[in-house]
Amino acid sequence: MMTAAVLGPTLIVVCVLFAVAAAAVYRLAGLGGIWTVPVAAARAAAQLAAIAAVLATAMTRLWSSAAVLMVMFIVAVLTAAGRSQADRGRLWLTMPLATGVAAVIPALLLTGLVPLTGAALIPTVGIILGGSMTAVAVAARRSLDTLATRNGEVEAALSLGLSERDSRRLVIERSAADALLPNVDQARTAGLVTLPGAFVGVLLATGSAAQAGAVQVLVLIGLLLAQGCGVALTGELVARGRISRRPHAMTH
Numbered sequence: 000m001m002t003a004a005v006l007g008p009t010l011i012v013v014c015v016l017f018a019v020a021a022a023a024v025y026r027l028a029g030l031g032g033i034w035t036v037p038v039a040a041a042r043a044a045a046q047l048a049a050i051a052a053v054l055a056t057a058m059t060r061l062w063s064s065a066a067v068l069m070v071m072f073i074v075a076v077l078t079a080a081g082r083s084q085a086d087r088g089r090l091w092l093t094m095p096l097a098t099g100v101a102a103v104i105p106a107l108l109l110t111g112l113v114p115l116t117g118a119a120l121i122p123t124v125g126i127i128l129g130g131s132m133t134a135v136a137v138a139a140r141r142s143l144d145t146l147a148t149r150n151g152e153v154e155a156a157l158s159l160g161l162s163e164r165d166s167r168r169l170v171i172e173r174s175a176a177d178a179l180l181p182n183v184d185q186a187r188t189a190g191l192v193t194l195p196g197a198f199v200g201v202l203l204a205t206g207s208a209a210q211a212g213a214v215q216v217l218v219l220i221g222l223l224l225a226q227g228c229g230v231a232l233t234g235e236l237v238a239r240g241r242i243s244r245r246p247h248a249m250t251h
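Just so you know, we're using numbering that gives the first Met the number 0 here: the sequence shown kicks off at 0 and counts up by one.
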């Protein structure tokens with residue numbers, strides 16, 4: 000089995016060599032500090048080892064799986080809030096993230112496509128929540144950046160009689176939508192350019208390409224729905240001023 004071959008000394012040696020090579024590239028090309036990749040790699044390894052140990056126990060019971068999912072959601076909210084670079088109303092991003100998950104997961108459970116077990120729920124919710132977190136954070140940040148650089152257009156729209164909400168919405172609409180492009184592109188090129196993670200995981204676990212394809216289609220379309228709901232609500236919150244940035248705040 001491939002999993003038996005991967006889990007061993009060879010894996011450690013190859014990962015260390017990759018990290019060292021990446022560090023050299025970062026240094027030589029001026030992409031960042033020489034320790035950027037090694038530190039990130041060490042952190043990822045430690046975090047994944049810890050979560051693997053936790054999940055091995057947590058997934059055996061529904062209540063402990065629910066606790067893990069709650070922690071994941073809190074971390075997702077805090078991460079999206081930080082990445083948004085908003086000065087006010089960061090925690091309003093709880094709503095778009097919750098909306099994205101609620102639009103997909105209950106339907107999967109009710110139809111039986113995802114069984115009500117920790118082993119099925121945690122990875123499924125993790126994929127949907129992680130994708131939604133990224134899209135929501137990018138939508139909030141880009142919308143706030145756009146408002147800062149195109150404030151004159153907002154003022155012009157206000158002078159024409161539009162409401163504050165409509166004036167902001169008119170300006171940020173395209174910026175918010177750009178947050179959806181990565182997943183839309185992934186869906187369009189799945190199987191042609193990339194083999195997404197869910198496809199590879201199911202393929203390795205079952206050996207069935209048809210089953211892997213079915214699962215990946217479900218995940219991709221679910222992500223499109225979750226991210227669409229999350230980004231739409233994020234844009235609305237920014238347009239209504241619930242999430243905002245002080246005029247003097249600068250982006251990096």
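By construction, the Cβ of each residue, glycine as well, lies at the ideal position given by its N, Cα and C atoms. Here the structure is a predicted model, which means the values were calculated and not measured.
query, result
"Are the Cβ atoms of residue 25 and residue 36 separated by less than 8 Å?", "yes"
"Here's the rule I'm using: 16 or more other beta-carbon atoms within 10 Å means buried, otherwise exposed. How should residue 139 be labelled?", "buried"
"By Cβ distance, which residues of its chain are closer than 6 Å to residue 236, with the 5 residues on each side in sequence left out?", "91 and 242"
"Who are the near neighbours of residue 85 in its chain, counting only those whose CB is closer than 7 Å to its CB and skipping five residues on each side?", "139, 143, 242, 243 and 244"
"Are the CB atoms of residue 127 and residue 225 nearer to each other than 8 Å?", "yes"
"Looking only at DSSP bridge pairs, what is residue 243 linked to?", "87"
"Which residue from 180, 105, 59 and 66 puts its Cα closest to that of residue 130?", "180"
"Work out the CA separation of residue 58 and residue 47 for me, nearest whole Å.", "15 Å"
"Answer yes or no: does any C-beta atom of chain C fall closer than 8 Å to that of residue 12?", "Here chain C cannot be found, since the structure has a single protein chain."
"Between which residues of its own chain and residue 40 is the CB-CB distance below 6 Å, once the five residues before and five after are set aside?", "18"
"Where residue 11 and residue 44 are concerned, what is the direct C-alpha to C-alpha distance, given to the nearest angstrom?", "10 Å"
"Measuring straight from C-alpha to C-alpha, what distance separates residue 31 and residue 38?", "12 Å"
"Go ahead and label residue 233 buried or exposed: buried means 16 or more other beta carbons lie within 10 angstroms of its beta carbon, across all protein chains shown.", "buried"
"Report yes if the C-beta distance between residue 163 and residue 240 is below 8 Å; otherwise report no.", "yes"
"With the cut-off set at 8 Å, would you say residue 252 and residue 125 are in Cβ contact?", "There is no way to answer for residue 252, as the model of the chain reaches only from 0 to 251."
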